[in-house]
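What follows is a set of notes on a single structure, which appears directly below.
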Amino acid sequence: MKVIISHDIDHLHWTDHWHDLFIPKYLVKHLLFLLRGQISLGLFRKRIGLLFKNRQHRLPELIAFNRDNGVQSNFFLGTKNGLGLSYSLKKAHRTIRYLKGFSDGFPVGVHGIAYSDKKGIIEEKKRFDLSGYQAKGLRMHYLRNNEHTLQYLAQAGYTHDSTTYAIQNPYWVNGTMLEFPVSIMDVYAINDTDDSFEKGKEKTLEVIKEAEAQNLEYFTVIFHDNYFDPAYHAHYQWYKWLISYFKKRGFSFTTFDQARKQLALEKP
Numbered sequence: 013m014k015v016i017i018s019h020d021i022d023h024l025h026w027t028d029h030w031h032d033l034f035i036p037k038y039l040v041k042h043l044l045f046l047l048r049g050q051i052s053l054g055l056f057r058k059r060i061g062l063l064f065k066n067r068q069h070r071l072p073e074l075i076a077f078n079r080d081n082g083v084q085s086n087f088f089l090g091t092k093n094g095l096g097l098s099y100s101l102k103k104a105h106r107t108i109r110y111l112k113g114f115s116d117g118f119p120v121g122v123h124g125i126a127y128s129d130k131k132g133i134i135e136e137k138k139r140f141d142l143s144g145y146q147a148k149g150l151r152m153h154y155l156r157n158n159e160h161t162l163q164y165l166a167q168a169g170y171t172h173d174s175t176t177y178a179i180q181n182p183y184w185v186n187g188t189m190l191e192f193p194v195s196i197m198d199v200y201a202i203n204d205t206d207d208s209f210e211k212g213k214e215k216t217l218e219v220i221k222e223a224e225a226q227n228l229e230y231f232t233v234i235f236h237d238n239y240f241d242p243a244y245h246a247h248y249q250w251y252k253w254l255i256s257y258f259k260k261r262g263f264s265f266t267t268f269d270q271a272r273k274q275l276a277l278e279k280p
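In the working numbering, the protein residues as written are 13 to 280.
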């Protein structure tokens, strides 16, 4: 089984959220966690302390960890705003160029907002392409989709997508685009109130066991880069454990681009 590690970049800087309700909601949510005894005072202070550092993303730290562990990273960046994704197109382009500037030339795709609007899907791809790099892949923000989404993405010219959530091998859409179902995602394994990653570890091992029972060829993981921080101790430790587990099991890491090329060669 080959593993595809992917990172959805939902946030870049706290100051991107001055015009929305993300910060007030964040403060209220964590205050309620504290008052209900769901998180400790120490963890509450760490979470609130993040607000004073402005940099919400953890891309340098995550990239360093992945490279040290032989993980081939895949990233998705938004080109339109919605549902808490609030950074500008200028920042998105700057981040795309930053990621492409590494010797690895990380694969970067669109983190989509429009999922039921064909014109909106095409527009987001064009906005990405203005960075000087062409978007080949996409993942919808919050994994939103309907019965038309995959068809619209294939018609827009994407070669691959990873939006659906299922223990299922990649499959072709319209004969041109490969859909890579998501196997496990950090926020489905770990809660913001978890004080350890043990519950998430158990859930994840069950999913991996199911994937192996079904002879899954590709196992796709979503880990949001902003959780790669001790303030999100459970998420942070879960991801480090997961990468270590994959390595110990001898699973190889790959990218959507590489997997798509391989599957295209195997296509009847």
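Even for Gly, the Cβ is constructed at its ideal location relative to N, Cα and C.
Closest in C-alpha terms to T27, from the list S85, N186 and H69, comes H69. Burial check for W250: the Cβ neighbour count within 10 Å reaches 16 or more, so the residue is buried. The Cβ atoms of H172 and K138 do not sit closer than 8 Å to each other. Contiguous beta strand (DSSP E) elements confined to the segment 44–97 occur at 86–89, taking only those with 3 or more residues. Annotation for S256: no beta strand (DSSP E) segment contains it, though the alpha helix (DSSP H) segment containing it runs H245 to R261. Ranking H153, I133 and L142 by CA distance to the CA of H160 puts I133 first.
If the five residues before and after I196 are omitted, its C-beta is found closer than 7 Å to the C-beta atoms of T216, V219 and V233, all from its own chain and listed in chain order.
In this model, G113 and G212 are separated by some 34 Å (Cα to Cα). Closest in C-alpha terms to Q226, from the list L111, Q180 and P242, comes Q180. Ranked by Cα distance from D204, the first of P242, K221 and I17 is P242. If you draw a 10 Å sphere on the C-beta of H31, you find fewer than 16 other C-beta atoms in it, and that means exposed. Between the C-alpha atoms of L24 and L89 there is a straight-line separation of about 10 Å.
Within the DSSP bridge table, the entry for K112 names no partner.
Around the beta carbon of G121, 16 or more other beta carbons sit within 10 angstroms, so the residue counts as buried.
In the DSSP assignment, R151 falls within the beta strand (DSSP E) that extends over G149 to M152. Rounded to the nearest angstrom, the gap between the Cα atoms of F87 and I51 is 30 Å. Its chain contains D237 as the residues whose beta carbon lies nearer than 6 Å to that of L71, once the 5 sequence neighbours on both sides are disregarded; these appear in chain order.
Look at G212 here: in three-state DSSP terms it is helix. For Y99, same chain residues with a beta-carbon under 6 Å away, outside a window of 5 residues either side, are L24 and D28 in chain order. Residue pairing for L190: DSSP places it in a beta bridge opposite H172 and W184.
Counting C-beta pairs with one atom in each stretch, the segment 55–63 and the segment 30–45 have three or more that are closer than 8 Å, which means they touch.
Within its own chain, the residues whose Cβ lies closer than 7 Å to the Cβ of A178, once the five positions on either side in sequence are excluded, are P193, listed in chain order. In the three-state reduction of the DSSP assignment, T266 falls in the strand class, which pools E and B. In the three-state reduction of the DSSP assignment, K14 falls in the strand class, which pools E and B. When DSSP states are grouped into helix, strand and coil, Y177 belongs to the strand group.
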